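Q: This is the structure, below, for whatever I ask next.
Next comes the structure, spelled out in structure tokens:
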């Protein structure tokens, strides 16, 4: 996921390149014992905030350190993730210390993961993780055990979705029924969006289309920004890891660059896996089919229960 190419599904041209490299040992320095390291991508910790059965308060996890120990702890691996455009210009730079990121977007120092989402404490329903965006108070990331989307509460529309292990059809199915958002049983319309295809195999290619409308639209709507129109698509889930491709579709926002939305989707996917006890994200790809077996069996159990 952090080593892939983003390819426009409409034109077949490469739009972005995501690369992650392990930095050499000389660049690492042991951290002193007793220091507190913020864990932006660790598991989300639930803490009771009010006597309510429907909501809880979620706080980003902070790792507790043994202040009594005076020995320096083992230094975590240092990695660097870059998102670059077709010309090779770096747009996003993420320095990883273990699983703790320090983010820079287009020269702007964002910092830890809380700064990317603009909140260190959020509220959510029992089966939904909701995290507000930093660029729009009405835009909220919604994650469940089976889905990840960007929702606009102002217009009551889904502005982006992450389709995993899917087969994409360039035209909608006539019999396809409307889907619902993770927080409501009513159907929600999606606006035309920027769709991207992520292939998580290495080396990989990622396809971006600009901007196809959602496969569940019933009525055409005008794009938010002028760009070439791509016909509606249908995403058919295969329910098995490694079968099909991963697609990222979203509508551009006037207050956020596309690369920030792409990075936020990837970080939200890492958080989603930790929150719902799914297969955790690892920087290394499975080296054999046997190494990928636990992930395959876990996906099989989740989709057959």
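In the numbering used here, the protein residues as written are 3 to 307. Don't be surprised by glycine CBs; every beta carbon is placed ideally from N, CA and C. From a predicted model like this one, the values you see are computed outputs, not experimental measurements.
Does the beta-carbon of residue 85 have 16 or more other beta-carbons within 10 angstroms, so that it is buried, or is it exposed?
A: Mapped onto the chain shown, residue 85 falls at position 83. With 16 or more other Cβ atoms within 10 Å, it is buried.
Q: Provide the residue(s) that pair with residue 168 in DSSP beta bridges, ordered along the chain.
A: Here residue 168 is taken as the residue at index 166 of the chain shown, counted from 1. Per DSSP, 239 and 247.
Q: Relative to the C-alpha of residue 259, which residue among 6, 118 and 274 is closest?
A: Counted from its first residue, the chain shown places residue 259 at position 257. Minimum Cα distance to residue 259 is reached at 118.
Q: Quick one: what's residue 105 bridged to in DSSP?
A: Numbered from its first residue, the chain shown carries residue 105 at position 103. Answer is 96 and 113.
Q: Since I believe residue 170 is in contact with residue 249 (beta carbons under 8 Å), could you give me their beta-carbon distance rounded to a whole number of angstroms?
A: Here the question's residue 249 lines up with position 247 in the chain shown. Here the question's residue 170 lines up with position 168 in the chain shown. So it is a contact: roughly 6 Å between Cβ atoms.
Q: Exposed or buried, which one is residue 19 when buried takes at least 16 other CB atoms within 10 Å?
A: Translated into the one-based positions of the chain shown, residue 19 becomes position 17. Its Cβ being crowded by 16 or more others within 10 Å, residue 19 is buried.
Q: Residues in its own chain within less than 7 Å of residue 140 by CB, not counting five upstream and five downstream?
A: By one-based count along the chain shown, residue 140 stands at place 138. Here the set comprises 154, 155 and 156.
Q: Within 7 Å: the Cβ of residue 128 and any heavy atom of the ligand ADP?
A: Judged by which ligands are present, the structure shown has none, so any question about the ligand ADP falls away.
Q: Apart from the five residues just before and just after residue 92, which ones in its own chain have a Cβ nearer than 8 Å to its Cβ?
A: Position 90 of the chain shown, counting from 1, holds the residue named residue 92. Excluding residues within five positions, the ones whose Cβ falls inside 8 Å are 84, 85 and 86.
Q: Whose C-beta lies closer than 6 Å to the C-beta of residue 105 among residues of the same chain, with five residues either side of it excluded?
A: For the purposes of this step, residue 105 is identified with residue 103 of the chain shown, where counting begins at 1. Same-chain partners within the cutoff: 96, 112 and 118.
Q: Could you check what DSSP says for residue 86 in three-state terms: helix, strand or coil?
A: By one-based count along the chain shown, residue 86 stands at place 84. When secondary structure is reduced to three states using DSSP, residue 86 falls in the strand class.
Q: Is it right to say residue 123 is buried, meaning 16 or more other beta carbons lie within 10 angstroms of its own, or is it exposed?
A: Here residue 123 corresponds to residue number 121 of the chain shown, with the count starting at 1. By the beta-carbon neighbour count (other beta carbons within 10 angstroms, threshold 16), residue 123 is exposed.
Q: Express the C-alpha separation of residue 265 and residue 77 in angstroms, rounding to a whole number.
A: Taking the first residue of the chain shown as 1, we reach residue 77 at position 75. Taking the first residue of the chain shown as 1, we reach residue 265 at position 263. The alpha-carbon atoms of residue 77 and residue 265 are separated by roughly 26 Å.
Q: Run through the DSSP bridge pairs and tell me what residue 11 is partnered with.
A: By 1-based counting over the chain shown, the position of residue 11 is 9. Residue 11 is not bridged to any residue.
Q: Go through its chain and collect everything with a Cβ distance to residue 107's Cβ below 6 Å, but skip five positions before and after it.
A: In the chain shown, the residue the question calls residue 107 occupies position 105. Taken in chain order, the residues that qualify are 94 and 262.
Q: Taking the C-alpha atoms as reference points, what is the distance between residue 279 and residue 149?
A: The count along the chain shown starts at 1 and reaches residue 279 at position 277. The count along the chain shown starts at 1 and reaches residue 149 at position 147. Residue 279 and residue 149 have their C-alpha atoms roughly 14 Å apart.
Q: Mark residue 254 as exposed unless 16 or more other C-beta atoms lie within 10 angstroms of its C-beta, in which case mark it buried.
A: Taking the first residue of the chain shown as 1, we reach residue 254 at position 252. By the 10 Å Cβ count, residue 254 comes out buried.
Q: Would residue 115 and residue 80 be called neighbours here (beta carbons separated by less than 8 Å)?
A: Your numbering for residue 115 matches position 113 in the chain shown. Your numbering for residue 80 matches position 78 in the chain shown. Their beta carbons are not under 8 Å apart, which means residue 115 does not touch residue 80 by this criterion.
Q: My assumption, with CB atoms under 8 Å, is that residue 152 sits in contact with residue 252. Please give the rounded CB distance.
A: The residue you call residue 152 lines up with position 150 of the chain shown. The residue you call residue 252 lines up with position 250 of the chain shown. About 6 Å; that satisfies the 8 Å criterion.
Q: Tell me where the beta strand (DSSP E) around residue 150 begins and ends.
A: Looking up residue 150 in the chain shown gives position 148. Note, residue 150: beta strand (DSSP E), 150-154.
Q: Is it buried or exposed, residue 257, if we count other Cβ atoms within 10 angstroms and call 16 or more buried?
A: Within the chain shown, residue 257 is the residue found at index 255, counting from 1. The residue is exposed, with fewer than 16 neighbouring Cβ atoms inside 10 Å.
Q: Straight-line CA distance for residue 238 to residue 163?
A: By 1-based counting over the chain shown, the position of residue 238 is 236. By 1-based counting over the chain shown, the position of residue 163 is 161. Computed Cα separation, rounded: 14 Å.
Q: Around the C-beta of residue 23, are 16 or more other C-beta atoms found within 10 angstroms, so that it is buried, or is it exposed?
A: On the chain shown, position 21 is the one that residue 23 refers to. Label assigned to residue 23: exposed.
Q: Roughly how many whole angstroms lie between the Cα atoms of residue 167 and residue 247?
A: Taking the chain shown and counting its residues from 1, one reaches residue 167 at position 165. Taking the chain shown and counting its residues from 1, one reaches residue 247 at position 245. Roughly 5 Å between the two C-alpha positions.
Q: Less than 8 Å between the CB atoms is what I'm expecting for residue 103 and residue 121, so what's the real figure, rounded?
A: Residue mapping note: residue 103 aligns to position 101 of the chain shown, counting from 1. Residue mapping note: residue 121 aligns to position 119 of the chain shown, counting from 1. With a Cβ gap of about 16 Å, residue 103 and residue 121 do not count as contacting.
Q: To the nearest angstrom, how far is it from the Cα of residue 3 to the Cα of residue 21?
A: Within the chain shown, numbered from 1, the residue matching residue 3 stands at position 1. Within the chain shown, numbered from 1, the residue matching residue 21 stands at position 19. Between residue 3 and residue 21, the C-alpha separation is close to 9 Å.
Q: Check residue 142 in the structure and name its three-state DSSP category.
A: Counted from its first residue, the chain shown places residue 142 at position 140. Note: residue 142 maps to strand in three-state DSSP.
Q: Quick check: residue 284 and residue 275, are their CB atoms within less than 8 Å of each other?
A: Translated into positions along the chain shown, residue 284 becomes position 282. Translated into positions along the chain shown, residue 275 becomes position 273. Going by C-beta atoms, residue 284 is not nearer than 8 Å to residue 275.
Q: Express the C-alpha separation of residue 142 and residue 226 in angstroms, rounding to a whole number.
A: Numbered from its first residue, the chain shown carries residue 226 at position 224. Numbered from its first residue, the chain shown carries residue 142 at position 140. Model confidence at residue 226 stands at a pLDDT of 39, short of 50, so the residue's coordinates are unreliable; what they give is reported in the following sentence. Each residue's alpha carbon lies about 18 Å from the other.
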